[in-house]
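Take a look at the structure set out below.
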Amino acid sequence: MTSDTAATAATPAAAKSPRALARARRRHSAVRFWRAYRTHKAGLIGLGTLVVIALAALFAPLLVGADAQSVTDAPGEAMRAPTGEFPLGTDQFGRDLLALLVWGARISLTVGLLAAFLSVAIGTVVGITAGHFRGWYATVIMRVTDWFLVMPTLVLAIALASVMDRSLWTIVVAIGVTTWPTTARLVRAQTLAVESRPYIERAQALGGGHGHIMTRHVLPNVMPLVLAQTTLVISSAILTEATLAFLGLGDPTVVSWGGLLQDAREAGAVSAGDWWYLAPPGIAIAVVALAFTLCGRAVESVLNPRLGVTR
1 MTSDTAATAA
11 TPAAAKSPRA
21 LARARRRHSA
31 VRFWRAYRTH
41 KAGLIGLGTL
51 VVIALAALFA
61 PLLVGADAQS
71 VTDAPGEAMR
81 APTGEFPLGT
91 DQFGRDLLAL
101 LVWGARISLT
111 VGLLAAFLSV
121 AIGTVVGITA
131 GHFRGWYATV
141 IMRVTDWFLV
151 MPTLVLAIAL
161 ASVMDRSLWT
171 IVVAIGVTTW
181 PTTARLVRAQ
191 TLAVESRPYI
201 ERAQALGGGH
211 GHIMTRHVLP
221 NVMPLVLAQT
231 TLVISSAILT
241 EATLAFLGLG
251 DPTVVSWGGL
261 LQDAREAGAV
271 SAGDWWYLAP
281 PGIAIAVVAL
291 AFTLCGRAVE
301 SVLNPRLGVT
311 R
């Protein structure tokens, strides 16, 4: 009876498929990650701020109306100071600046996220391949990486945005292809550390090819570093997007926070002292960048407790 009971108890675990076991491990890891993340007060504040801003951007048509960006249907007088009707005043066309700020969150967050993901994706591929293959390939690719590192990122992004069409995708590409070297350096260092472990040699001895080693062994081990780096790169990407839009290199047909600053400069808000036209977009950019930085530091601390990040 004892052996039968043990066999019966072991049957459900043994009957689980590899996919089910993998999903169970992922759920357990996610729960453990969230429990550790909740202990970081600054990270929770940053996450809460991002959730509120993201929800406002997602439901912008319901919150401020779909025609808030229209110049011809502007509801107020041009350059009007904040009032009860317009809490943040109006722009040079008489549009509600609060509504424009909400709409601008959509573009700024979207461009920042896409550019950051493109940058991290390029850096991850370059870092893993350079750390795995080594030899002449690693030498060439890392010298290219060093060249990008010493060149001013903003200058390269401005150059790319100047020669390409003025659109959101141009900004995404300009930021993504100029900000990947830092990620590549970090991922390559982690790849070298992972490939020095004994189980990599065993996998190679059992016939594991380059693709198998990189995707099944190296990539899962560098993903925590990539995740932490992504949250930090997003804030930098949002700042770069705002800078390019402020310099007039963004898409003029959409509203973004950097574009609002550019409109304020062109309207003479700086010399006229119209602070309500300048301060809200700048504060929004700073708040979002700070929120992503707080989340990134918290994620980095959870994934690598030895960093000892202050909670």
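Going by full-length UniProt numbering, the residue at position 242 of the sequence shown is 242; the numbering climbs one at a time, nothing skipped. Note that the Cβ used here is the ideal one computed from N, Cα and C, for glycine as well.
{"Query": "Under a three-way DSSP split, which group does S3 fall into?", "Result": "For S3, the predicted model reports a pLDDT of 47, less than 50, meaning its position is unreliable and no value from the coordinates is stated."}
{"Query": "Curious, which full-length beta strand (DSSP E) runs of at least 3 residues does the segment 183-243 contain?", "Result": "none"}
{"Query": "So, for Q92: in the same chain, excluding its five sequence neighbours on each side, which residues have a beta-carbon less than 7 Å away from its beta-carbon?", "Result": "A78, M79, D263, A267"}
{"Query": "Note down the Cα distance separating L260 from G208, rounded to an integer number of angstroms.", "Result": "54 Å"}
{"Query": "Quick check on the DSSP output: the alpha helix (DSSP H) that includes V292 runs from which residue to which?", "Result": "Here residue 292 turns out to be Phe, not Val, going by the sequence shown. First-last of the alpha helix (DSSP H) with F292: 275-303."}
{"Query": "Spell out a yes or no on whether the segment 130-147 and the segment 272-286 are touching, meaning 3 or more CB-CB pairs, one atom from each, closer than 8 Å.", "Result": "no"}
{"Query": "Would a C-beta distance cut-off of 9 Å place residue 315 and A291 closer than the cut-off?", "Result": "Nothing about residue 315 can be read from this structure; the chain reaches only from 1 to 311."}
{"Query": "Indicate the three-state DSSP secondary structure (helix, strand or coil) for D73 in the structure shown.", "Result": "coil"}
{"Query": "E85: buried (16+ other C-beta within 10 angstroms of its C-beta) or exposed?", "Result": "exposed"}
{"Query": "Please classify M165: does DSSP put it in a helix, a strand, or coil?", "Result": "The sequence shown places Asp at residue 165, rather than the Met named in the question. Looking at D165 - three-state DSSP - the assignment turns out to be coil, as it is neither helix nor strand."}
{"Query": "Which first and last residues belong to the alpha helix (DSSP H) in which W34 is found?", "Result": "18-37"}
{"Query": "Please report the straight-line C-alpha distance between T49 and L55, rounded to a whole angstrom.", "Result": "10 Å"}
{"Query": "Keeping to the same chain, check which residues put their C-beta closer than 8 Å to that of R166; ignore five residues upstream and five downstream.", "Result": "L249, G250, D251, P252"}
{"Query": "Per DSSP, D96 is paired with what?", "Result": "T90"}
{"Query": "So the candidates are R23, V177, H28, R38; which of them puts its Cα closest to the Cα of S301?", "Result": "R38"}
{"Query": "Since T243 contacts L154 with CB under 8 Å, what's their CB separation in whole angstroms?", "Result": "6 Å"}
{"Query": "State whether the segment 51-65 contacts the segment 214-227, with contact taken as three or more CB pairs (one from each stretch) at a distance under 8 Å.", "Result": "no"}
{"Query": "Would you mind stating whether I141 and V126 have Cβ atoms separated by less than 9 Å?", "Result": "yes"}
{"Query": "In whole angstroms, give me the CA-to-CA distance for A202 and A20.", "Result": "Residue identity check: residue 202 is Arg in the sequence provided, not Ala. Cα-Cα distance, rounded: 26 Å."}
{"Query": "Do you know offhand how far L160's Cα is from L118's?", "Result": "15 Å"}
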